[in-house]
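Let me begin by presenting the structure, written as structure tokens, before commenting on it.
Residue numbers (the numbering used here): 202 to 537.
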């Protein structure tokens, strides 16, 4: 197995691209070599030592080839690929094929390649707060049982169980990161049920109209009622890099799941932050068209977590609420 070789699946996506850039700047592990994989050949960051590979990971043979490149067997896998929440809810069979089957194929390939190389590969998997649903405590803790109420969360939980079992057996060194909703995401809206959480900030800051599926007017009580557990992309990426460096002995002995730190906000607080940063005219660009399926799925996700376990492992949390996140995104838009 080669040292400091990192495989990223879903590398063509926004988070995958940010992660690749962060890894080549990681002073803890300099001179990284990257294997970047997606259904469309991803672009490598400038100056990176990287292979960019187009692959269909629902084919186990293609998944296996990622561990037999000129860069050698990777010591770390970031498994980021998948179909987003609304997409997997609307197309259940395809969602399972991508979000469960292809993850298992990559996991099996990591298991066998590591065994042949005589080392255990770190397998860092991005899960989601969508694994939770049903009656929940006021604050989710590491002991809270996951009972998903959607296809996306169900698939993520299935993957988590496989990774925990493979870790228990010594097949891989799993690290499972349950992500908050990340805000603000740039680019066009995704098929995620939570896409509006970024959209109601991103589009108005560019002078574009957008639709909020929660509530039917700017005065709707639903805007304050729907609480959200969120984190900024900058903090999330730093936590991705941190996940690679946490000693295995620091994790709880019975699970490799970590709920990455976040904070609680509401749709109303998002809009208030938008008004503070960009003025009331920006908020006027938000249209309200209630979507019950969207509201039901997002409302089933918990909005308050105990961050203490994740913080004890060295992960970070945003400070200051939504306003600094909205202001930073506005500055990024202006810089581009």
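All C-beta atoms in this analysis are idealised placements derived from N, C-alpha and C, irrespective of residue type, glycine included.
Predicted model, so just to flag it, every value in this text is computed and none were measured.
Cα-Cα separation between residue i and residue j, rounded to whole angstroms
i: residue 350; j: residue 395; result: 15 angstroms
i: residue 216; j: residue 489; result: 28 angstroms
i: residue 508; j: residue 377; result: 15 angstroms
i: residue 437; j: residue 399; result: 15 angstroms
i: residue 267; j: residue 274; result: 8 angstroms
i: residue 537; j: residue 388; result: 13 angstroms
i: residue 244; j: residue 459; result: 29 angstroms
i: residue 222; j: residue 246; result: 6 angstroms
i: residue 513; j: residue 447; result: 10 angstroms
i: residue 353; j: residue 531; result: 31 angstroms
i: residue 480; j: residue 433; result: 21 angstroms
i: residue 414; j: residue 335; result: 21 angstroms
One or two residues paired with residue i in a DSSP bridge
i: residue 326; result: 280, 377
i: residue 318; result: The partner list for residue 318 (beta bridge, DSSP) is empty, contrary to what the question assumes.
i: residue 430; result: 465
i: residue 382; result: 431
i: residue 411; result: 487
i: residue 341; result: 506
Residue j beta carbon less than 9 angstroms from that of residue i
i: residue 522; j: residue 466; result: yes
i: residue 311; j: residue 359; result: no
i: residue 423; j: residue 496; result: yes
i: residue 483; j: residue 406; result: yes
i: residue 444; j: residue 397; result: no
i: residue 361; j: residue 347; result: yes
i: residue 476; j: residue 417; result: no
i: residue 210; j: residue 272; result: no
i: residue 261; j: residue 294; result: no
i: residue 379; j: residue 429; result: no
i: residue 356; j: residue 442; result: no
i: residue 381; j: residue 463; result: yes
Residue i, enclosing beta strand (DSSP E) - first and last residue
i: residue 466; result: 464-467
i: residue 291; result: From DSSP, residue 291 is part of no beta strand (DSSP E) but of the alpha helix (DSSP H) over 286-291.
i: residue 239; result: 234-239
i: residue 418; result: That residue, residue 418, is in no beta strand (DSSP E); it is neither H nor E in DSSP.
i: residue 253; result: 250-255
i: residue 196; result: Examination of residue 196 is not possible in this model, given that the chain is present from 202 through 537 alone.
i: residue 225; result: Run containing residue 225: none in the beta strand (DSSP E); it sits in the alpha helix (DSSP H), 215-225.
i: residue 209; result: 206-210
i: residue 299; result: No beta strand (DSSP E) contains residue 299, which DSSP labels as neither H nor E.
i: residue 459; result: 458-460
Segment limits, alpha helix (DSSP H) that includes residue i
i: residue 360; result: 352-369
i: residue 402; result: 396-406
Residue-chain proximity (residue i, chain B), Cβ-Cβ < 9 angstroms
i: residue 516; result: In the structure shown, chain B does not exist; there is a single protein chain.
Exercise for the section: Could you tell me which uninterrupted alpha helix (DSSP H) segments, each at least 4 residues in length, are contained entirely in the segment 464-533, listed from first to last along the chain? Expected result: As far as the segment 464-533 is concerned, its whole alpha helix (DSSP H) runs of at least 4 residues are 468-479, 481-484, 493-500, 509-513.
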